[in-house]
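Structure record follows, encoded as structure tokens.
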Amino acid sequence: MRYLGIDLARSVAVFCVVVGHAMMAANVQEGGTAFYIFRLFTSVSAPVFYCLFGCMLQLVYTRQYAAGAENETSLRLLTRALQCWILYCITCAAFCVFASLPFTYFIRCALFLGETPLTDILKFYAVLLFFAPLLVGVSARIGLWPIVLFCAVVQAAYPLISHISPMHGYPGAEALSAFIYGGEYVGHTGPSILHGLSFVAFGMVLGRVWQARPGREFLLSGPDWGMRAVFGLMIAVTVASVILGKQNLLDPVVRVTLINENHPIFLLFGCTATIAFIDTFTAIRRMAGIGEKSIWMVFGRTSLFTFCYGSVILYAVRLNDPAAAPDPARVIWSTLAVMVMSLAYAAFRDGPVKRINHPLMRAYRWLVDDSTPRFIRFLMQPFLERGGKNPDHGTRPHAP
Numbered sequence: 007m008r009y010l011g012i013d014l015a016r017s018v019a020v021f022c023v024v025v026g027h028a029m030m031a032a033n034v035q036e037g038g039t040a041f042y043i044f045r046l047f048t049s050v051s052a053p054v055f056y057c058l059f060g061c062m063l064q065l066v067y068t069r070q071y072a073a074g075a076e077n078e079t080s081l082r083l084l085t086r087a088l089q090c091w092i093l094y095c096i097t098c099a100a101f102c103v104f105a106s107l108p109f110t111y112f113i114r115c116a117l118f119l120g121e122t123p124l125t126d127i128l129k130f131y132a133v134l135l136f137f138a139p140l141l142v143g144v145s146a147r148i149g150l151w152p153i154v155l156f157c158a159v160v161q162a163a164y165p166l167i168s169h170i171s172p173m174h175g176y177p178g179a180e181a182l183s184a185f186i187y188g189g190e191y192v193g194h195t196g197p198s199i200l201h202g203l204s205f206v207a208f209g210m211v212l213g214r215v216w217q218a219r220p221g222r223e224f225l226l227s228g229p230d231w232g233m234r235a236v237f238g239l240m241i242a243v244t245v246a247s248v249i250l251g252k253q254n255l256l257d258p259v260v261r262v263t264l265i266n267e268n269h270p271i272f273l274l275f276g277c278t279a280t281i282a283f284i285d286t287f288t289a290i291r292r293m294a295g296i297g298e299k300s301i302w303m304v305f306g307r308t309s310l311f312t313f314c315y316g317s318v319i320l321y322a323v324r325l326n327d328p329a330a331a332p333d334p335a336r337v338i339w340s341t342l343a344v345m346v347m348s349l350a351y352a353a354f355r356d357g358p359v360k361r362i363n364h365p366l367m368r369a370y371r372w373l374v375d376d377s378t379p380r381f382i383r384f385l386m387q388p389f390l391e392r393g394g395k396n397p398d399h400g401t402r403p404h405a406p
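Everything in the sequence shown is counted per my numbering, starting at 7 for the first residue and increasing by one.
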């Protein structure tokens, strides 16, 4: 079954992340209550995107892995990881050019030793994709409980992990340590890999819920009250945590602090929001008759491209002076530019133009569609042969 509600939710999450970044680039950070509610909506979109990634790992890749395509599934995920890292490097290059930073800083960023204000999501996603074969393999062979247990221990150990000192001794050590495990250094835009894995694990659990209830697109549907009770409990715990912790989530400073500190409250909030996101946009999709080929689904299918080249555009229009006056018009036209570029890329990628038998188009297809899968297959061949299996030959992954 194709869960189109997830596809639409992912597209909306991508769009909201872009809008949030556009506001940051144009210094639009202040407004009334409605504005702060909208900013809260955009800020939770990245965690929702991570959870939806976990859903697809469970619904698509784990199913393929369990069906016997272990090698091909792992190769596809590693290929996507390499493609995502390459796109991240492109954004790092753009950031260094437009911010007049030296080439050495680009190298640091490419090695996860630098800070890029708008593209940490690509860095995070590249690492998640790299570890995705392990997550898929554990889920298919053992089940989700080891992953969930590990994430629960990490979240429970927040008081200890949050006081771990950052690494030192080389340029970018603090940024790298914050990216890996968080700790005391909060200059990095969270979550860390260690804590962010919980979003992916939660998405995989949701995927398992769908698998146990075939034919149901809504998470909160059906005669049983189990999922609705869990959702109600999550809302209650989230609200209680916010009230008891005296955390004003409408305040962007508080929100950024919770994200950067990898606080469990933001995990609760992000996971609860994911369920609401999925069912809300599933209902909207049904009422509006939005199908698989709809224009509203494009941004989810081209998410890596959108994050990459959208960030390049935003770096190009970013205000040099952080104290400069807000520019709402810049938010509108830069967001439209990103969306139009994503739509144009999708039309090119899925249209007949790409299949033209011209040397330039053949070179493009090799560079975008063939080079990274072949490189990953070349690197992994010794491991696959050692395991006594030859790599499967399935469909090549689409370009991001």
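Every residue, glycine too, gets a C-beta built ideally from N, C-alpha and C.
Nearest to GLU223 by C-alpha distance, out of THR195, ARG292, GLY196, is ARG292. In the displayed model, MET367 falls within a helix according to three-state DSSP.
The criterion of a C-beta distance shorter than 8 Å is not satisfied by PHE130 and ARG324. Fully enclosed alpha helix (DSSP H) runs of no fewer than 4 residues occupy 309-323, 334-356 of the stretch 306-360, in order along the chain.
By the Cβ-count criterion, ALA353 is exposed, with fewer than 16 other Cβ atoms from all chains shown falling within 10 Å of its own Cβ. Take the alpha-carbon of LEU256 and the one of MET29: they are about 16 Å apart.
Its Cα nearest to that of PRO53, the residue ILE265 stands out among PHE389, ILE265, ALA335, ILE362.
When DSSP states are grouped into helix, strand and coil, LYS252 belongs to the coil group. In the three-state reduction of the DSSP assignment, ILE148 falls in the coil class.
In the three-state reduction of the DSSP assignment, ASP257 falls in the coil class, being assigned neither a helical nor a strand state. Secondary structure of TYR111 (DSSP, three-state): helix. Look at the stretch 181-217 and you find no whole run of alpha helix (DSSP H) that is 4 residues long or longer. Counted as a single uninterrupted DSSP element, the alpha helix (DSSP H) harbouring TYR71 occupies residues 68-72. Cβ-Cβ distances below 8 Å link PHE55 to ARG16, ALA19, VAL20, VAL23, ILE127, SER309 in the same chain, with the five nearest sequence neighbours on each side left out; the list follows chain order. By the CB criterion at 8 Å, CYS98 and LEU135 fall outside the cutoff. Pairing PHE287 with GLY26 gives a Cβ-Cβ distance that is not under 8 Å. Leaving aside the five residues that flank LEU273 on each side, the residues in its chain whose CB is nearer than 6 Å to its CB run, in chain order, SER204. Around the beta-carbon of TRP151, fewer than 16 other beta-carbon atoms lie within 10 Å, marking it exposed. ILE96 and GLY232 have their C-alpha atoms some 45 Å from each other. In the three-state reduction of the DSSP assignment, ALA32 falls in the coil class, being assigned neither a helical nor a strand state. The shortest C-alpha to C-alpha distance from CYS314 to any of LEU93, GLN64, GLU36 is the one to LEU93.
Beta-carbon to beta-carbon, LEU63 and LEU119 are separated by about 28 Å, too far to satisfy the 8 Å threshold.
Taken through DSSP and simplified to helix, strand or coil, MET233 comes out as helix.
Between GLY213 and GLY357, the gap from beta carbon to beta carbon reaches 8 Å or more. ALA343 and ILE319 have their C-alpha atoms some 8 Å from each other. Between ASN33 and ALA330, the gap from beta carbon to beta carbon is short of 8 Å. The beta carbon of VAL133 sits closer than 7 Å to the beta carbons of ILE199 from its chain, once the five residues preceding and following it are set aside; these are given in chain order. Here GLY37 carries a coil assignment [DSSP, helix/strand/coil]. Contact annotation, LEU124 with SER317: C-beta distance approximately 5 Å; criterion of less than 8 Å satisfied. The beta carbon of PHE112 lies closer than 7 Å to those of CYS98, ALA99, CYS102 in the same chain, with the five residues before and after it left out.
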